[in-house]
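Protein chains: 2
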Amino acid sequence: MTQKEKNPWQNFFHPRSVAVVGASRDPQKWGFTLLFNILKGGYKGRVFPVNPREKEILGLPVYANLAQIPAPVDLAILVVPPAGILPVIQDCGKNEVKAGIVITAGFGESGPRGKAREREMTAIAESFGMRLMGPNCQGIVSTEGASLYAHMPPQFPPSGPVGIVSQSGNLATSFITAGEAIGIGFSRIISSGNEADLQTTDFLEALAEDPGTEVILSYLEGVRDGRKFLEKTKEASGKKPFIIVKAGQTEAGVKAAFSHTGALSGSDALFEALFAQAGAIRAETIEEAIDISAALISQPLPKGRRVGVVTLGGGWGVLAADYCAKAGLIVEDLSSEMIKALNEVLPPWWNRLNPVDMVAGYRKGDLITTLELFLKSDRFHGVLMLGLGWRTVRGNLLITDARSPEDKMTAAGRDWVKEEKKIFAEVQELGRRYAKPILLASDVIRNVPSLAESVRARRVAAYPTLRRAVKAYWGLVKRSEIVEGFEGKKEKA
Amino acid sequence: MTQKEKNPWQNFFHPRSVAVVGASRDPQKWGFTLLFNILKGGYKGRVFPVNPREKEILGLPVYANLAQIPAPVDLAILVVPPAGILPVIQDCGKNEVKAGIVITAGFGESGPRGKAREREMTAIAESFGMRLMGPNCQGIVSTEGASLYAHMPPQFPPSGPVGIVSQSGNLATSFITAGEAIGIGFSRIISSGNEADLQTTDFLEALAEDPGTEVILSYLEGVRDGRKFLEKTKEASGKKPFIIVKAGQTEAGVKAAFSHTGALSGSDALFEALFAQAGAIRAETIEEAIDISAALISQPLPKGRRVGVVTLGGGWGVLAADYCAKAGLIVEDLSSEMIKALNEVLPPWWNRLNPVDMVAGYRKGDLITTLELFLKSDRFHGVLMLGLGWRTVRGNLLITDARSPEDKMTAAGRDWVKEEKKIFAEVQELGRRYAKPILLASDVIRNVPSLAESVRARRVAAYPTLRRAVKAYWGLVKRSEIVEGFEGKKEKA
Chain A
4 MTQKEKNPWQ NFFHPRSVAV VGASRDPQKW GFTLLFNILK GGYKGRVFPV
54 NPREKEILGL PVYANLAQIP APVDLAILVV PPAGILPVIQ DCGKNEVKAG
104 IVITAGFGES GPRGKARERE MTAIAESFGM RLMGPNCQGI VSTEGASLYA
154 HMPPQFPPSG PVGIVSQSGN LATSFITAGE AIGIGFSRII SSGNEADLQT
204 TDFLEALAED PGTEVILSYL EGVRDGRKFL EKTKEASGKK PFIIVKAGQT
254 EAGVKAAFSH TGALSGSDAL FEALFAQAGA IRAETIEEAI DISAALISQP
304 LPKGRRVGVV TLGGGWGVLA ADYCAKAGLI VEDLSSEMIK ALNEVLPPWW
354 NRLNPVDMVA GYRKGDLITT LELFLKSDRF HGVLMLGLGW RTVRGNLLIT
404 DARSPEDKMT AAGRDWVKEE KKIFAEVQEL GRRYAKPILL ASDVIRNVPS
454 LAESVRARRV AAYPTLRRAV KAYWGLVKRS EIVEGFEGKK EKA
Chain B
4 MTQKEKNPWQ NFFHPRSVAV VGASRDPQKW GFTLLFNILK GGYKGRVFPV
54 NPREKEILGL PVYANLAQIP APVDLAILVV PPAGILPVIQ DCGKNEVKAG
104 IVITAGFGES GPRGKARERE MTAIAESFGM RLMGPNCQGI VSTEGASLYA
154 HMPPQFPPSG PVGIVSQSGN LATSFITAGE AIGIGFSRII SSGNEADLQT
204 TDFLEALAED PGTEVILSYL EGVRDGRKFL EKTKEASGKK PFIIVKAGQT
254 EAGVKAAFSH TGALSGSDAL FEALFAQAGA IRAETIEEAI DISAALISQP
304 LPKGRRVGVV TLGGGWGVLA ADYCAKAGLI VEDLSSEMIK ALNEVLPPWW
354 NRLNPVDMVA GYRKGDLITT LELFLKSDRF HGVLMLGLGW RTVRGNLLIT
404 DARSPEDKMT AAGRDWVKEE KKIFAEVQEL GRRYAKPILL ASDVIRNVPS
454 LAESVRARRV AAYPTLRRAV KAYWGLVKRS EIVEGFEGKK EKA
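Line by line, the protein sequences give chains A and B. Going by our numbering, the residue at position 388 of the first sequence is 391; the numbering climbs one at a time, nothing skipped. Going by our numbering, the residue at position 431 of the second sequence is 434; the numbering climbs one at a time, nothing skipped.
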């Protein structure tokens, strides 16, 4: 048995070579875009454009058909019109191509004739032991190792631990842009399209086994086999956090989903129950799924729902307290010991409450001391910290506008920026030391020095709005409770 | 009667001169920041720093007290410590300063002693006919005419038609950053603080009369006089859209609000009823309030809840349909006439459904024709359009990476960018012609050429996520129904 047969995903995730069948010289065509994106993404294997009418595209020699390619092809990416797909699949089979991605639309989603062609295509592939992704899909991204950006939108996200399987290519696109905005990267991005052969459940299984993937996200319109989906979701969730955005929550959504991928979404209440049973986390939007991922890949899981809130502004604390309570988090009261301890740190008029409002506590170090009291306390399982970033904004403004050395504006500005950088580093250090999550939220969090590096190094989860931070924190709690559930069952067994 | 007495708001919104009492040379102090921001913001009146121990700050001559200022002072901004406030207010009164903003904290929110001082301060001001904003507030921004940025955070938002009154300075800050991110500007930003004298209701009344303000937003923790609040809200909502973010929805939020501004938030259900009765629109987050404002200042009101969705990607349409239905919007079915008309435009395999998925309809002009069919139809009151921006991304990439003229990449790229720009201009033109709202949503909407100018010219409301667009559309519908309610009552009367 060869390595390829042992792990069929190798051909999709780490192909040593890809053929682009239907490659085009015309920059307006998908067959150009796909080849262009693969080259632009710096794919590490060999690329073979296939087109009987061309000699050269984008500097690469073009082959008339698969038989003429002078090396084995691990993955064939098919950008041929529906009417021409059957002979090409035959050709793949004869030339021992074991994995194919059919990008083109106009199959099952376009009516009975397309559906019949889709079935025939799958049957031919099956007869050769070939597996298919698509049709009607955006393609695949496989960053780590392969650097394969074989998909339609010109997106080249950094490598990272988040894997995606999406029944919509457009929403795979949305996952990527939301990830880029918050600074996280991806391992695999799979747009499963019509799922003529390989289905969400198969990719879910593959991502659950994939060592480069730590968190799995999915956009789902419907499933063909509910029992199998439950089983595979349960298995995947037992290994890694699995977050689902499920469409078809309403009649309007159900209709639209059916017309989009022909998916029967089924009763939303049924799916809700299924997700609960399987240990999947349901997110309402793409952004929320990405936000929860950012927390999961960077923070330890909280051991309960009691959360401390430390804020650099009163109003932020008030709204965050509301959002926390509405999400089922417990904004626990401070113990009398903790109030006593904080009395030593904060000015006499501090608010003696969770959220602790640091508004007047400007003295250096107070913020970190306060955070540490929350982390030390058994009463709290994690912390939300609100408002970081403004010292840097203010500081940079002073530095930029300094008039003369006597004004001391540069010195004051530098001091503010430096202090914030220090606070930020200490927050991360504290989180690690106490193994409790700390999530940050601020309108200007992006301005904190070295935030981007820290996000890339996965030590920080930082959000531009209060509610996004609270929802992400809710995701951490949810995952913690799912893991507890799984462990509870293990203990019983 | 002088102009000032006729309109006391003149002193707050268009002061001809301001005194900064407690101005400081020390860049670490609020008394510096405030003066600095006023100068940086390009205030059009005269500025008089007051500090008995300084001669010059930031290039301006400093006055030992108000009496020495050689011109009338319209507005005094007070950055003096609580312990020193009473003689300063006396001084203001004696020197005929009729408007004051007390920035400093440490009054009513800090305990009984601060509360007593706050009362005394207000009584003194009242005896001189002086009105006070604050204490414990962030200050005021009054862009149009005055260019007065007399507030703490270094934010200088552009002038625009949105007015804000916020019981939290931090959340006024959040309103500004959210507005900047989406491209809208502000008329007045008022942080009302402890509301020792002037309250939210007073500012609400002022903004309702203010010709520069078209939409009013408020962050509210509590009100002192429920009946007055109802009355003023009703009055304001009768004139302009009024959007409220109300804190204290949960026990945790109520506690936090009380500790923040001493506000008794009261029962949330009661407020909900009050807002409904008064015709206020309640938003869940700061961002949502800003998003609704962006729609209100740029789009006509829809005459009903039936919405057409046109999408450049299937998945986006599916999720948007769900969000619409959950928000109470009606994703109405297409009439057979409209299906027939679209059959003439779209390829044979189009989805025959609302949302109309344009995925395969690449031919130039199809998108605009489709939009126009929705706008022409009595069946639909407005449109959501999803996915604009990707042609520009793709086009720019081609232009940037063009290898040689023979590749035709530059030509194709330019064509795509040009086409999107044309579509974008036509969308705006259509919206005007049919007087129906069109809201845009796309991950990359910011990339559309001339988007920023169009936002500034208030012809466009564009959102980076589907859900934000749907929530903003909901706000338009809500306002439309409120206006209808008011008009219905007028007719009866």
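Each residue gets a CB set at the ideal place from its N, CA and C atoms; glycine is no exception. Everything numeric in this text was worked out from a predicted model, so none of it was measured.
Which term fits B/A259, buried or exposed, when burial requires 16 or more other beta carbons within 10 angstroms of its beta carbon? So B/A259 ends up on the buried side.
Going by Cα to Cα distance, which pick from B/V463, B/I80, B/N98 and B/L391 is closest to B/D446?
Answer by Cα proximity: B/L391.
- Item | Short CB-CB distance (under 8 Å) between A/D360 and chain B | By this cut-off, A/D360 is an interface position.
May I ask you to report which of helix, strand or coil DSSP gives A/L174? In the structure shown, A/L174 sits in a helix (DSSP, three-state: H, G or I).
Rounded to the nearest angstrom, what separates A/Q93 and A/A108 at their Cα positions?
Taking the straight line from one Cα to the other gives about 19 Å.
- request: Could you tell me which of B/E490, B/R355, B/G331 and B/G186 sits nearest to B/V480, measuring between CA atoms?
  value: Closest in alpha carbon position to B/V480, among B/E490, B/R355, B/G331 and B/G186, is B/G331.
Next item on the list: Flag this pair as touching only if the region 20-35 of chain B and the region 43-59 of chain B have three or more C-beta atom pairs under 8 Å; answer yes or no.
Entry: A contact exists between the region 20-35 of chain B and the region 43-59 of chain B.
TODO: Give a yes or no on whether the C-beta atoms belonging to B/I246 and B/S296 are separated by under 8 Å.
DONE: Yes, the pair counts as a contact, with Cβ atoms nearer than the cut-off.
Check: Taking 8 Å as the CB-CB limit, is A/E290 close to chain B?
Finding: Among the residues facing chain B, A/E290 is included, as its CB has a counterpart in that chain under 8 Å away.
ask   = In three-state terms, what does DSSP make of B/V91?
value = B/V91 sits in a helix when the DSSP states are folded into three classes.
Q.
Suppose contacts are defined by Cβ-Cβ distances below 8 Å. Is B/V348 in contact with B/T372 by that definition?
A. For B/V348 and B/T372, yes; Cβs fall inside 8 Å.
Keeping to the same chain, check which residues put their C-beta closer than 7 Å to that of B/E375; ignore five residues upstream and five downstream.
For B/E375, where only same-chain residues beyond five positions count, the Cβ hits under 7 Å are L433.
(message) Between B/G186 and B/R462, how many whole angstroms is the CB-CB distance? I'm expecting something under 8 Å.
(response) Taking the Cβ atoms as the reference, B/G186 lies roughly 12 Å from B/R462, outside the contact range of under 8 Å.
| message | Let's test the definition: count the other Cβ atoms within 10 Å of the Cβ of A/L299 and tell me whether it reaches 16, buried, or not, exposed. | response | Counting the other Cβ atoms within 10 Å of the Cβ of A/L299 gives 16 or more, which makes it buried.
Within the region 384-408 of chain A, note down every full beta strand (DSSP E) run reaching 3 residues or more, in order along the chain.
The region 384-408 of chain A contains these whole beta strand (DSSP E) runs: 385-389.
Can you name, in chain order, every residue of its own chain whose Cβ lies under 8 Å from the Cβ of A/V65, other than the five neighbours on each side? The residues are A26, P52, V53, N54, E57, K58 and E59.
* To do: List the residues of chain A whose Cβ lies closer than 7 Å to the Cβ of B/A250, in chain order.
  => Listed by position along chain A, the residues whose Cβ is nearer than 7 Å to that of B/A250 are V321, L322 and D325.
Exercise for review: Assign A/C147 to buried or exposed, taking buried as 16 or more other Cβ atoms, counted over all protein chains shown, within 10 Å of its Cβ.
Suggested key: Per the sequence presented here, residue 147 of chain A reads as Glu, with Cys not at that position. A residue is called buried when at least 16 other Cβ atoms come within 10 angstroms of its Cβ; A/E147 meets this threshold and is buried.
| query | Hey, how far is the Cα of A/I426 from the Cα of A/R394? | reply | Looking at the two C-alpha atoms, the distance is approximately 11 Å.
Measuring only between beta-carbons, confirm whether B/A86 sits less than 8 Å from chain A.
Closer than 8 Å: no.
Check: When the Cα atoms are used, what is the spatial distance from B/P160 to B/Y437?
Finding: Distance from the CA atom of B/P160 to the CA atom of B/Y437, rounded to whole angstroms, is 32 Å.
- Query: What's the call for B/G34, buried or exposed, on a 16-neighbour Cβ count within 10 Å?
  - Reply: It counts as buried.
Which word fits B/L378, buried or exposed, when buried means at least 16 other C-beta atoms lie within 10 angstroms of its C-beta?
With 16 or more Cβ atoms within 10 Å of its Cβ, B/L378 is classed as buried.
* **Distance, A/S221 Cα to A/G169 Cα** => Looking at the sequence shown, residue 169 of chain A is not Gly but Ser. A direct Cα-to-Cα measurement between A/S169 and A/S221 gives close to 5 Å.
- request: Kindly list, in the order they appear in chain A, the residues whose Cβ is closer than 7 Å to that of B/Q31.
  value: Correct list: A415.
*Can you give the Cα-Cα distance for A/C140 and A/S177, rounded to whole angstroms?*
Near 14 Å, if we compare the C-alpha coordinates of A/S177 and A/C140.
### Query
By a C-beta neighbour count over all protein chains shown, 10 Å radius and 16 as the cutoff for buried, is B/P358 buried or exposed?
By the neighbour-count criterion, in which a residue is buried when 16 or more other Cβ atoms sit within 10 angstroms of its Cβ, B/P358 is buried.
Quiz prompt | Beta-bridge partners of B/M136, as assigned by DSSP | solution = B/M136 pairs with B/I104.
### Query
Should A/M133 and A/A199 be called a contact, given that it needs their Cβ atoms to be closer than 8 Å?
Taking 8 Å as the cut-off, the beta carbon of A/M133 is found no closer than this to the beta carbon of A/A199.
| said: Under 8 Å, with one C-beta from each stretch per pair, do the region 414-426 of chain A and the region 277-287 of chain A reach the 3-pair mark? | reply: Under the Cβ criterion (8 Å, minimum of three pairs), the region 414-426 of chain A does not count as touching the region 277-287 of chain A.
Under 9 Å from the C-beta of A/N354: neighbouring residues of chain B:
Listed along chain B, the residues sitting closer than 9 Å to A/N354 by beta-carbon distance are E112, A259, S262 and H263.
Inset, instruction - Measuring alpha carbon to alpha carbon, tell me which of B/G103, B/E99 and B/R120 ends up nearest B/G111. - result: Checking every option, the nearest Cα to that of B/G111 belongs to B/R120.
Looking only at DSSP bridge pairs, what is B/K249 linked to?
Looking at the DSSP assignment, B/K249 forms a beta bridge with B/L223.
Strictly below 9 Å CB to CB, what residues from chain B border A/D410? The contacting residues are R28, P30 and L61.
Q) Near B/T5, what residues of its chain come up, given a Cβ to Cβ distance below 7 Å and the 5 sequence neighbours on each side ignored? A) Bear in mind that a pLDDT of 44 at B/T5, under 50, signals an unreliable position, so the model cannot answer this.
8 Å Cβ cutoff met for B/W353 and B/A209
With respect to the 8 Å criterion, B/W353 and B/A209 are not classified as neighbours on the basis of their beta carbons.
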